[in-house]
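Below: the structure, in structure tokens.
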Amino acid sequence: MSNQPPGQQGQRGLPYRPAATPASTQPQPQLSSQQPHPTLTTRRSHLSPTFASKLRQLALPLAPLVQLTSGTVHPEFPSTLLNFWLLTDDQLDRLASFYHQRTPCQWTSHYPCPVSWPSGMGIEEKRRRIGRFIGLRGCESPVPSGTSGPWTAASVNGTKKDEENGQDGDAMEVDAPTTETEPSSGEQRKGLDSPTDISAYVAELLRSTLASPTADEDVAETERKIMKAEDELEQIRKKMGWYF
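Per the UniProt record's numbering, the sequence shown starts with residue 1, numbered consecutively.
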């Protein structure tokens, strides 16, 4: 006789099958429709277009200048206009020494725009001379004593301001000696009505300056004469309205 309880006799055991569960759904990432928050620079640029313009100007790259003897660029040479304004007093001195401008030598006058480097200059005057040396526009005029000078704004804006007094007060620039047959500067400037006349005038100044062989001890004097000729040309350009 079977030992199974009543009602279960004759039934076979069936394997256990768990009830099917719905497939688990992974939460799908939702794409955010919000725009990224504007940066502080962007917000201020919208508020002040002048601020945005200054930022673009300060980010302008500067072409590197190589040393004549080694063909290398000084590691502290400013790569942008902002880096130029951040140069320290010691960095300016090192740049002048590296490019043979601090101590006159045979290579000093062979750069495109040599400058004199007298002792006792302030940092802004040093910055102006380095700016002129590397070709920054607006660095031609000397800095007024005791101020940062209007040239600072001119170099950033890329504009030039006319000088009221005409003469450049550079302490290292001296008048070239004149002879009895040499006309005065006022007479020389008469008839300078075209770029060709100006070029001929400057060429004559340089030819008279470099007529004699240049010895090592005469390099500084030659440099001062060349700079005076360049300053006279700059004054003529300003008076006649030619900026080239």
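Glycine included, C-beta positions come from ideal geometry on N, C-alpha and C.
Here the structure is a predicted model, which is why all the values come from computation and not from measurement.
Could you tell me which residues DSSP pairs with residue i in its beta bridges?
| i | result |
| --- | --- |
| Pro61 | Thr80 |
| Val66 | Val73 |
What do you reckon, are the CB atoms on residue i and residue j nearer than 8 Å?
| i | j | result |
| --- | --- | --- |
| Met227 | Ser119 | no |
| Leu81 | Leu55 | no |
| Ile134 | Leu92 | no |
| Glu140 | Glu234 | yes |
| Cys113 | Arg94 | no |
| Glu223 | Pro104 | yes |
| Pro61 | Ser48 | no |
| Leu87 | Arg127 | yes |
Quick check on DSSP: helix, strand or coil for residue i?
| i | result |
| --- | --- |
| His110 | helix |
| Thr42 | helix |
| residue 245 | Residue coverage of the chain in this structure runs from 1 to 244, which leaves residue 245 outside it and unanswerable. |
| Pro49 | helix |
| Arg137 | coil |
| Trp151 | For Trp151, the pLDDT reaches just 42, beneath the cut-off of 50, and the residue's location in the model is therefore unreliable, although a value from the coordinates is still provided. Helix at Trp151. |
| Ser97 | helix |
| Thr88 | coil |
| Met121 | coil |
| Asp231 | helix |
Quick one: any contact between the stretch 96-106 and the stretch 64-72, if contact means 3 or more CB pairs under 8 Å? The stretch 96-106, when compared against the stretch 64-72, does touch it at the 8 Å Cβ threshold.
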